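In my numbering, the protein residues as written are 15 to 82.
Ideal Cβ positions, reconstructed from N, Cα and C, are used throughout, including at glycine.
Because the structure is a prediction, the values reported are computed rather than measured.
A short write-up of the structure that comes next.
In structure tokens, the structure reads:
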């Protein structure tokens with residue numbers, strides 16, 4: 015049985031983190047369009063923007079470690 019290297023573990027962790035944040039982004043965007051309350055719309059919109067920012071940061075780190 016092959017042992018996982020540090021690179022394999024990092025690769026998996028970063029990819030899972032990006033997938034999770036992209037799911038959150040789509041959910042927040044969906045809810046920002048569905049709710050009628052302006053405060054909640056703004057809140058979910060802010061969450062979506064923050065989530066997109068986290069995706070960008072994670073992808074930056076992935077580039078640093080040469081993970082594609």
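| Asked | Found |
| --- | --- |
| Coarse secondary structure for residue 82, derived from DSSP in three states | coil |
| Own chain, CB closer than 8 Å to residue 49, minus 5 neighbours either side, in chain order | 55 and 58 |
| Same chain, Cβ closer than 7 Å to residue 72, five either side skipped, listed in chain order | 28, 31, 32 and 35 |
| N-terminal and C-terminal residue of the alpha helix (DSSP H) that residue 37 is part of | 20-48 |
| Between the CA atoms of residue 40 and residue 47 - distance to the nearest angstrom | 11 Å |
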